[in-house]
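Heads up: the sequence shown begins at 1 in full-length UniProt numbering, then just goes up one per residue. Heads up, the thing below is written out as structure tokens.
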Amino acid sequence: MEQNKSVVQTSNQNVMPVAFNFFDPVQFETMQRVSKMFASSDLVPDSYKPVLKMIPAGANEGQIAAIQQENAAAQNKAIANCMIALEVANRIGASPLMVMQNLVVIYGRPSWSAKFLIATVNTCGRFEPLQFKFIKNGNLGKVEYIEYVWNQSAHRKEAQKKEFDGTNVEDLVCVAFTKKKGSDDVLESSPISIRMAIQEGWYMKSGSKWQTMPKQMLMYRAASWWTSVYAPEISMGMRTVEENQEIHELRENIDYTDVTDEVRQEKDANANKTAIGFDQGAPEGDNPGTMGVVDTETGEVKDAGDSGDAAGTGEDAAAGNQPQGENKEDNPGF
């Protein structure tokens, strides 16, 4: 019995490698085959499936070749996305399908759903299930916050201090906490509150879930902050979907000046007003000896003095004259 048990354990270890090696041809080929299978499934999200174009009737050879090339590129992109998801799933010990369902690209950045982070913490085996506690601080009252408004005359966004009327809004504070298994130390996240959501600009944006489901959003944000501090290897340094959406909007509010019109006007007024040629003489007041002259035969740029000497030497040579004081022995020609 013990011998059979050890054989089974060895077999399981061979089936699930510790990490994929992209530089191993055997593993890379296996990942490609598995990725093709996932890319052909209807259960994975659209970002992991190729969007193929149909060849219209009556298309010529050029159109058919172009469509086939686009379809091949779409298939390669879908397979690449699936391979990355497989590598992430293997690294954190999760189901590949679960990773694909919860890994969303927001403004070019991969993002986790908050539910996935909570589930991963609860099933990783290192911690007790994640819990949340709420603290009620009464109604908010008046809360000041900063909003960036576009100034058309200045061609930029400017910060404006505004006031939110939270007289009828309860100021809830949420903290995520749990324990390591076998330890009595409580691991708590930083507190996240409705007041903070207002001051950071999350609460007032259009379509914000902070107004309709505040407790849920507080728990999601607290769980994300807890994971970032105590288990960053689970999130792999990636933020949640909601965080990336809100941070992207904050980046759009960075103060800047739009100088497009000014640059265009200056270019139209000053660009290409004076034609400059290579054979143009030195401007008045400049030392002509320091100006470069382009040799029309070789294209070499020479100093004005050197070009004159070179021209004189060439004329002497053309006339068959040798420089005085030199003979063939003194000037062999190299």
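In this text, a Cβ means the ideal position worked out from N, Cα and C, and glycines have one as well. Since we're looking at a predicted model, the values are computed, not measured.
Straight-line measurement puts the Cα of F177 at about 14 Å from the Cα of I135.
Following the DSSP letters along the chain, one finds K157 inside the beta strand (DSSP E) bounded by residues R156 to K179. In terms of CA proximity to K181, F127 leads the group F127, Q160, K205 and S224. Under the DSSP assignment, W225 falls in the alpha helix (DSSP H) whose first and last residues are P214 to Y230. In its chain, beyond the 5 residues on either side, V104, I106, S111, W112, S113 and A114 have a beta carbon closer than 8 Å to the beta carbon of V241. Taking a cut-off of 8 Å on C-beta distances, the region 179–195 does not touch the region 150–161, as fewer than three cross pairs fall below it.
Looking only at P45, I198, M83 and K36, the smallest Cα-Cα distance to G141 is reached by I198. Of the candidates T260, R239 and F164, the residue whose Cα lies closest to the Cα of L117 is R239. Judged by beta-carbon spacing, I194 lies within the 7 Å limit of P214, meaning their Cβ atoms are closer than that value. Linking M204 to S228 through their CA atoms gives a straight-line distance of about 25 Å.
Between E163 and E144, the gap from beta carbon to beta carbon is short of 7 Å. 7 Å or more divides the Cβ of N102 from the Cβ of S47.
Under the DSSP definition of a beta bridge, L103 partners with W112. DSSP places V44 in the coil class of the three-state scheme, outside both helix and strand. The three-state secondary structure of S193, taken from DSSP, is strand. By the neighbour-count definition (other C-beta atoms within 10 Å, threshold 16), A59 is an exposed residue. If you check the CB distance, M100 and V44 come in under 7 Å. In the structure shown, the three-state DSSP call for N137 is strand. Between the C-alpha atoms of E246 and A269 there is a straight-line separation of about 42 Å. A residue is called buried when at least 16 other Cβ atoms come within 10 angstroms of its Cβ; S153 does not meet this threshold and is exposed. In the structure shown, E200 adopts coil according to DSSP, grouped into three states. If you compare the alpha carbons of K267, Q265, E243 and D261 with that of R109, the shortest gap goes to E243.
Taking a contact as a CB-CB distance under 8 Å, the pair T167 and N122 does not count as one, their CB atoms being some 38 Å apart. Secondary structure at I84: helix, using DSSP grouped into helix, strand and coil. Per DSSP, the beta-bridge partners of V143 are F164.
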